[in-house]
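Peer 1: Structure below; questions to follow.
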Amino acid sequence: MLESKLCINNINKSTPEKLSEFKLSEKYATSKVGYSLNRVCRLQGLYGERLALKIKGRKQSYLAKLIQPGYSGSRHLHFIAMFSWISQTPMQSLFLHPKELPHHWGKLDEFSCDTITFCGILPQEIFIGLMQIFCGMSETKKHPRTQLVESLIQALSEYEDEMFMAPNEIDYDKFGRDYNRAVAGGLKRMRTEKNFAHSDMMEVFYVDRITYDVYENPYRDHYLPIEFGRRLQLGFNIESSVDFVVDMRTYTKFIVARKVQDLRVKIIAAIFYQLPSDLTRWFREFAEQTMYQFLGKDKTNTDI
(Lines of atoms letter the chains of each structure in order from A and count residues from 1; the text may use other names and numbers.)
(Lines give C-alpha, C1' and ligand atoms only; values in the text may rest on other atoms or scores of the structure.)
Protein backbone atom coordinates (compact mmCIF):
# COMPACT_ATOMS: atom_id res chain seq x y z
CA MET A 1 0.00 0.00 0.00
CA LEU A 2 1.43 3.34 -1.02
CA GLU A 3 1.92 6.00 1.62
CA SER A 4 -0.97 8.49 1.59
CA LYS A 5 0.59 11.21 3.70
CA LEU A 6 1.20 14.25 1.54
CA CYS A 7 4.66 15.77 1.32
CA ILE A 8 3.81 19.40 2.03
CA ASN A 9 7.15 20.96 2.87
CA ASN A 10 7.43 22.78 -0.44
CA ILE A 11 3.74 23.66 -0.81
CA ASN A 12 2.93 27.29 -0.14
CA LYS A 13 0.12 29.52 -1.26
CA SER A 14 1.10 32.13 -3.82
CA THR A 15 0.89 35.81 -2.95
CA PRO A 16 -2.25 37.79 -3.87
CA GLU A 17 -0.21 39.56 -6.54
CA LYS A 18 0.83 36.25 -8.11
CA LEU A 19 -2.72 34.94 -7.96
CA SER A 20 -3.90 38.03 -9.82
CA GLU A 21 -1.27 37.43 -12.50
CA PHE A 22 -2.39 33.81 -12.89
CA LYS A 23 -6.01 34.88 -13.21
CA LEU A 24 -5.19 37.41 -15.93
CA SER A 25 -3.16 34.85 -17.89
CA GLU A 26 -5.81 32.14 -17.65
CA LYS A 27 -7.49 33.17 -20.89
CA TYR A 28 -4.43 31.80 -22.68
CA ALA A 29 -4.30 28.58 -20.66
CA THR A 30 -6.51 26.50 -22.95
CA SER A 31 -4.49 27.29 -26.07
CA LYS A 32 -1.24 26.62 -24.19
CA VAL A 33 -2.44 23.12 -23.36
CA GLY A 34 -3.45 22.60 -26.98
CA TYR A 35 -0.05 23.68 -28.29
CA SER A 36 1.70 21.46 -25.75
CA LEU A 37 -0.40 18.38 -26.54
CA ASN A 38 0.08 18.97 -30.25
CA ARG A 39 3.84 19.29 -29.81
CA VAL A 40 4.11 15.93 -28.05
CA CYS A 41 1.91 14.25 -30.67
CA ARG A 42 4.06 15.69 -33.44
CA LEU A 43 7.35 14.61 -31.87
CA GLN A 44 6.15 11.13 -30.88
CA GLY A 45 3.95 10.52 -33.91
CA LEU A 46 1.01 10.10 -31.55
CA TYR A 47 -1.73 10.91 -34.06
CA GLY A 48 -4.99 9.45 -35.26
CA GLU A 49 -5.55 5.77 -34.77
CA ARG A 50 -2.47 5.29 -32.61
CA LEU A 51 -3.84 7.62 -29.93
CA ALA A 52 -7.41 6.35 -30.32
CA LEU A 53 -6.33 2.75 -29.80
CA LYS A 54 -4.83 3.74 -26.46
CA ILE A 55 -8.03 5.32 -25.10
CA LYS A 56 -11.27 3.37 -24.77
CA GLY A 57 -14.61 5.14 -24.58
CA ARG A 58 -14.06 8.17 -26.82
CA LYS A 59 -14.15 8.46 -30.61
CA GLN A 60 -11.02 9.16 -32.61
CA SER A 61 -12.56 12.36 -33.99
CA TYR A 62 -13.13 13.70 -30.47
CA LEU A 63 -9.60 12.88 -29.34
CA ALA A 64 -8.23 14.55 -32.46
CA LYS A 65 -9.99 17.78 -31.44
CA LEU A 66 -8.55 17.70 -27.93
CA ILE A 67 -4.96 17.89 -29.17
CA GLN A 68 -5.55 20.92 -31.39
CA PRO A 69 -4.42 24.38 -30.18
CA GLY A 70 -7.56 25.96 -31.61
CA TYR A 71 -9.97 23.70 -29.73
CA SER A 72 -12.21 25.99 -27.66
CA GLY A 73 -14.20 23.33 -25.81
CA SER A 74 -13.44 22.00 -22.36
CA ARG A 75 -10.80 19.37 -21.67
CA HIS A 76 -11.03 17.14 -18.63
CA LEU A 77 -8.05 17.17 -16.31
CA HIS A 78 -7.88 13.40 -16.27
CA PHE A 79 -7.46 13.40 -20.07
CA ILE A 80 -4.27 15.40 -19.57
CA ALA A 81 -3.22 12.82 -16.98
CA MET A 82 -3.96 9.95 -19.38
CA PHE A 83 -2.06 11.66 -22.16
CA SER A 84 0.83 12.27 -19.79
CA TRP A 85 0.94 8.54 -19.02
CA ILE A 86 0.62 7.37 -22.61
CA SER A 87 3.37 9.72 -23.81
CA GLN A 88 5.36 9.54 -20.54
CA THR A 89 5.48 13.34 -20.52
CA PRO A 90 5.46 15.08 -17.12
CA MET A 91 1.92 16.31 -16.60
CA GLN A 92 2.83 19.77 -15.35
CA SER A 93 4.73 20.53 -18.55
CA LEU A 94 1.53 19.99 -20.54
CA PHE A 95 0.04 23.15 -19.02
CA LEU A 96 2.83 25.25 -20.53
CA HIS A 97 3.36 26.66 -24.00
CA PRO A 98 6.29 24.88 -25.69
CA LYS A 99 8.30 28.11 -25.55
CA GLU A 100 8.05 28.03 -21.74
CA LEU A 101 9.52 24.54 -21.40
CA PRO A 102 13.25 25.47 -21.46
CA HIS A 103 12.86 27.62 -18.35
CA HIS A 104 10.50 25.14 -16.68
CA TRP A 105 13.01 22.33 -17.09
CA GLY A 106 15.98 24.19 -15.63
CA LYS A 107 16.95 26.58 -18.43
CA LEU A 108 17.48 23.85 -21.01
CA ASP A 109 17.57 24.61 -24.71
CA GLU A 110 14.94 23.49 -27.22
CA PHE A 111 16.98 20.45 -28.28
CA SER A 112 17.12 19.23 -24.69
CA CYS A 113 13.36 19.66 -24.25
CA ASP A 114 12.72 17.63 -27.40
CA THR A 115 15.03 14.92 -26.09
CA ILE A 116 12.92 14.63 -22.93
CA THR A 117 9.86 14.03 -25.11
CA PHE A 118 11.55 11.52 -27.42
CA CYS A 119 12.93 9.53 -24.49
CA GLY A 120 9.69 9.48 -22.53
CA ILE A 121 8.20 6.38 -24.11
CA LEU A 122 11.41 4.35 -24.16
CA PRO A 123 11.63 1.29 -21.89
CA GLN A 124 14.07 1.47 -19.01
CA GLU A 125 16.88 -0.55 -20.56
CA ILE A 126 16.98 1.60 -23.70
CA PHE A 127 16.55 4.87 -21.79
CA ILE A 128 19.31 4.13 -19.29
CA GLY A 129 21.65 2.92 -22.04
CA LEU A 130 21.02 6.11 -23.98
CA MET A 131 21.69 8.26 -20.92
CA GLN A 132 24.95 6.44 -20.26
CA ILE A 133 26.04 7.17 -23.83
CA PHE A 134 25.15 10.83 -23.45
CA CYS A 135 26.84 11.05 -20.07
CA GLY A 136 29.99 9.43 -21.42
CA MET A 137 30.16 11.88 -24.31
CA SER A 138 29.52 14.78 -21.95
CA GLU A 139 32.49 13.77 -19.79
CA THR A 140 34.78 14.64 -22.69
CA LYS A 141 33.49 18.20 -22.23
CA LYS A 142 34.53 18.12 -18.55
CA HIS A 143 30.93 17.66 -17.45
CA PRO A 144 30.55 18.56 -13.74
CA ARG A 145 27.47 16.51 -12.87
CA THR A 146 28.45 12.90 -13.61
CA GLN A 147 28.08 11.76 -9.99
CA LEU A 148 24.59 13.28 -9.78
CA VAL A 149 23.57 11.52 -12.99
CA GLU A 150 24.83 8.18 -11.70
CA SER A 151 22.86 8.50 -8.46
CA LEU A 152 19.69 9.44 -10.35
CA ILE A 153 20.10 6.51 -12.74
CA GLN A 154 20.54 4.19 -9.77
CA ALA A 155 17.29 5.49 -8.29
CA LEU A 156 15.53 5.09 -11.64
CA SER A 157 16.78 1.51 -11.99
CA GLU A 158 14.56 0.46 -9.09
CA TYR A 159 11.51 0.75 -11.37
CA GLU A 160 10.98 -1.97 -13.97
CA ASP A 161 8.86 -1.36 -17.07
CA GLU A 162 6.02 -3.50 -15.74
CA MET A 163 5.70 -1.19 -12.75
CA PHE A 164 4.89 2.00 -14.64
CA MET A 165 4.33 1.61 -18.39
CA ALA A 166 0.81 2.50 -19.57
CA PRO A 167 -1.39 -0.46 -20.53
CA ASN A 168 -2.28 -1.03 -24.17
CA GLU A 169 -5.69 0.50 -23.51
CA ILE A 170 -7.00 2.92 -20.86
CA ASP A 171 -10.72 3.30 -20.22
CA TYR A 172 -11.51 7.03 -20.36
CA ASP A 173 -14.30 7.04 -17.77
CA LYS A 174 -12.86 4.36 -15.50
CA PHE A 175 -9.57 6.22 -15.32
CA GLY A 176 -11.44 9.49 -14.79
CA ARG A 177 -13.31 8.18 -11.76
CA ASP A 178 -10.17 6.67 -10.26
CA TYR A 179 -8.11 9.81 -10.87
CA ASN A 180 -10.72 12.29 -9.63
CA ARG A 181 -11.39 10.30 -6.46
CA ALA A 182 -7.67 10.25 -5.66
CA VAL A 183 -7.24 13.96 -6.35
CA ALA A 184 -10.16 14.77 -4.05
CA GLY A 185 -8.42 12.93 -1.23
CA GLY A 186 -5.07 14.55 -1.98
CA LEU A 187 -6.62 18.00 -2.04
CA LYS A 188 -8.28 17.50 1.34
CA ARG A 189 -5.03 16.19 2.85
CA MET A 190 -3.14 19.22 1.59
CA ARG A 191 -5.69 21.60 3.07
CA THR A 192 -5.77 19.92 6.48
CA GLU A 193 -2.06 19.12 6.83
CA LYS A 194 -1.02 22.59 5.70
CA ASN A 195 -3.79 24.23 7.73
CA PHE A 196 -5.17 26.17 4.78
CA ALA A 197 -8.50 27.83 5.47
CA HIS A 198 -11.38 27.17 3.11
CA SER A 199 -11.13 30.83 2.13
CA ASP A 200 -7.53 30.21 0.98
CA MET A 201 -8.66 27.35 -1.23
CA MET A 202 -11.55 29.35 -2.64
CA GLU A 203 -9.21 32.25 -3.45
CA VAL A 204 -6.76 30.04 -5.35
CA PHE A 205 -9.43 28.19 -7.33
CA TYR A 206 -11.65 31.29 -7.89
CA VAL A 207 -14.75 29.41 -6.68
CA ASP A 208 -17.37 29.66 -3.95
CA ARG A 209 -17.57 27.31 -0.96
CA ILE A 210 -20.17 25.04 -2.55
CA THR A 211 -18.04 24.49 -5.66
CA TYR A 212 -14.89 23.94 -3.62
CA ASP A 213 -16.60 21.32 -1.44
CA VAL A 214 -17.45 19.47 -4.65
CA TYR A 215 -13.71 19.36 -5.48
CA GLU A 216 -13.06 17.49 -2.22
CA ASN A 217 -15.95 15.10 -2.80
CA PRO A 218 -14.50 11.79 -4.11
CA TYR A 219 -17.93 10.70 -5.35
CA ARG A 220 -18.84 13.77 -7.40
CA ASP A 221 -20.58 13.01 -10.67
CA HIS A 222 -18.58 15.29 -12.96
CA TYR A 223 -14.94 15.49 -14.02
CA LEU A 224 -12.43 18.16 -13.04
CA PRO A 225 -11.59 20.76 -15.72
CA ILE A 226 -7.99 21.50 -16.70
CA GLU A 227 -8.28 24.90 -15.03
CA PHE A 228 -8.36 23.09 -11.69
CA GLY A 229 -4.96 21.50 -12.35
CA ARG A 230 -3.37 24.76 -13.44
CA ARG A 231 -4.70 26.65 -10.42
CA LEU A 232 -3.56 23.91 -8.06
CA GLN A 233 -0.06 23.88 -9.55
CA LEU A 234 0.50 27.62 -9.76
CA GLY A 235 -1.60 28.68 -6.80
CA PHE A 236 0.32 26.50 -4.36
CA ASN A 237 3.73 26.41 -6.10
CA ILE A 238 3.60 22.63 -6.48
CA GLU A 239 6.66 21.11 -8.14
CA SER A 240 5.30 17.57 -8.45
CA SER A 241 1.69 16.43 -8.39
CA VAL A 242 2.46 12.77 -7.72
CA ASP A 243 1.33 13.03 -4.09
CA PHE A 244 -2.17 13.90 -5.24
CA VAL A 245 -2.73 10.58 -7.01
CA VAL A 246 -1.36 8.08 -4.48
CA ASP A 247 -4.89 6.91 -3.65
CA MET A 248 -5.62 5.60 -7.14
CA ARG A 249 -6.79 2.00 -6.87
CA THR A 250 -7.44 0.77 -10.40
CA TYR A 251 -4.63 2.42 -12.34
CA THR A 252 -1.93 2.24 -9.68
CA LYS A 253 0.90 2.09 -12.22
CA PHE A 254 0.14 5.71 -13.07
CA ILE A 255 1.44 6.70 -9.64
CA VAL A 256 4.79 5.05 -10.34
CA ALA A 257 4.84 6.52 -13.85
CA ARG A 258 4.73 10.03 -12.39
CA LYS A 259 7.78 9.24 -10.24
CA VAL A 260 9.64 7.78 -13.22
CA GLN A 261 8.82 10.84 -15.33
CA ASP A 262 10.25 13.17 -12.69
CA LEU A 263 13.45 11.12 -12.38
CA ARG A 264 13.98 10.95 -16.13
CA VAL A 265 13.65 14.71 -16.50
CA LYS A 266 16.16 15.24 -13.70
CA ILE A 267 18.63 12.89 -15.41
CA ILE A 268 18.39 14.61 -18.78
CA ALA A 269 18.54 18.06 -17.18
CA ALA A 270 21.68 17.07 -15.28
CA ILE A 271 23.40 15.65 -18.38
CA PHE A 272 22.46 18.52 -20.67
CA TYR A 273 23.36 21.21 -18.14
CA GLN A 274 25.43 23.93 -19.84
CA LEU A 275 26.34 21.74 -22.81
CA PRO A 276 27.00 23.48 -26.14
CA SER A 277 24.08 23.54 -28.55
CA ASP A 278 25.90 21.52 -31.21
CA LEU A 279 26.10 18.61 -28.76
CA THR A 280 22.52 18.91 -27.48
CA ARG A 281 21.38 19.04 -31.11
CA TRP A 282 23.22 15.79 -31.84
CA PHE A 283 21.79 14.19 -28.70
CA ARG A 284 18.31 15.25 -29.82
CA GLU A 285 18.72 13.64 -33.24
CA PHE A 286 20.12 10.46 -31.71
CA ALA A 287 17.23 10.26 -29.23
CA GLU A 288 14.70 10.79 -32.03
CA GLN A 289 16.18 7.98 -34.12
CA THR A 290 16.24 5.71 -31.07
CA MET A 291 12.56 6.39 -30.37
CA TYR A 292 11.51 5.63 -33.94
CA GLN A 293 13.57 2.44 -33.95
CA PHE A 294 11.82 1.38 -30.75
CA LEU A 295 8.42 2.10 -32.32
CA GLY A 296 9.47 0.15 -35.40
CA LYS A 297 8.53 3.02 -37.67
CA ASP A 298 10.17 5.23 -40.24
CA LYS A 299 10.90 8.77 -39.09
CA THR A 300 9.24 10.17 -42.21
CA ASN A 301 5.93 8.42 -41.45
CA THR A 302 4.03 10.76 -39.10
CA ASP A 303 0.78 8.79 -39.06
CA ILE A 304 1.91 6.06 -36.69
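Here the sequence shown is numbered in this note's numbering, starting from 1068 and rising by one per residue. All C-beta atoms in this analysis are idealised placements derived from N, C-alpha and C, irrespective of residue type, glycine included.
Can you list, in chain order, the stretches of the alpha helix (DSSP H) that have 4 or more residues and sit fully within the region 1174–1246?
Peer 2: 1177–1187, 1191–1206, 1213–1223 and 1228–1231
Peer 1: With respect to the alpha helix (DSSP H) encompassing H1145, which residues constitute its N-terminal and C-terminal limits?
Peer 2: L1144 to S1154
Peer 1: Between which two residues does the alpha helix (DSSP H) harbouring M1315 extend?
Peer 2: Here M1315 belongs to no alpha helix (DSSP H), and DSSP marks it neither H nor E.
Peer 1: In or out: N1368 buried (at least 16 other Cβ within 10 Å) or exposed?
Peer 2: With a pLDDT of only 47 at N1368, under 50, the local geometry of the prediction cannot be trusted, and no value is derived from it.
Peer 1: Going by DSSP, name the residue or residues bridged to I1122.
Peer 2: DSSP lists I1237 as partners of I1122.
Peer 1: Pick helix, strand or coil for P1157, following the three-state DSSP scheme.
Peer 2: coil
Peer 1: Under 7 Å between the Cβ atoms of M1190 and C1180?
Peer 2: It should be pointed out that residue 1190 corresponds to Pro in this sequence rather than to Met. Contact flag unset, no.
Peer 1: As a quick exercise: from E1306, L1144, F1201 and R1142, pick the residue whose alpha carbon is nearest that of I1078.
Peer 2: E1306
Peer 1: What residues in its chain sit with their C-beta under 7 Å from that of D1370, if we drop five residues either side in the sequence?
Peer 2: Any reading at D1370 must be qualified, since the residue scores a pLDDT of 44, below 50, and its modelled position is unreliable; the value itself is stated next. Counting only Cβ-Cβ distances below 7 Å, and skipping sequence neighbours, we find Y1114 and G1115.
Peer 1: How about K1080 and F1303: are their beta carbons less than 7 Å apart?
Peer 2: yes
Peer 1: Where Q1159 and G1196 are concerned, what is the direct C-alpha to C-alpha distance, given to the nearest angstrom?
Peer 2: 26 Å
Peer 1: Does DSSP put P1083 in a helix, in a strand, or in coil?
Peer 2: Shown here, P1083 sits in a helix according to DSSP, grouped into three states.
Peer 1: Looking only at its chain, what residues have a beta carbon closer than 7 Å to the beta carbon of A1336, apart from the 5 residues adjacent to it on each side?
Peer 2: W1172, G1173 and L1175
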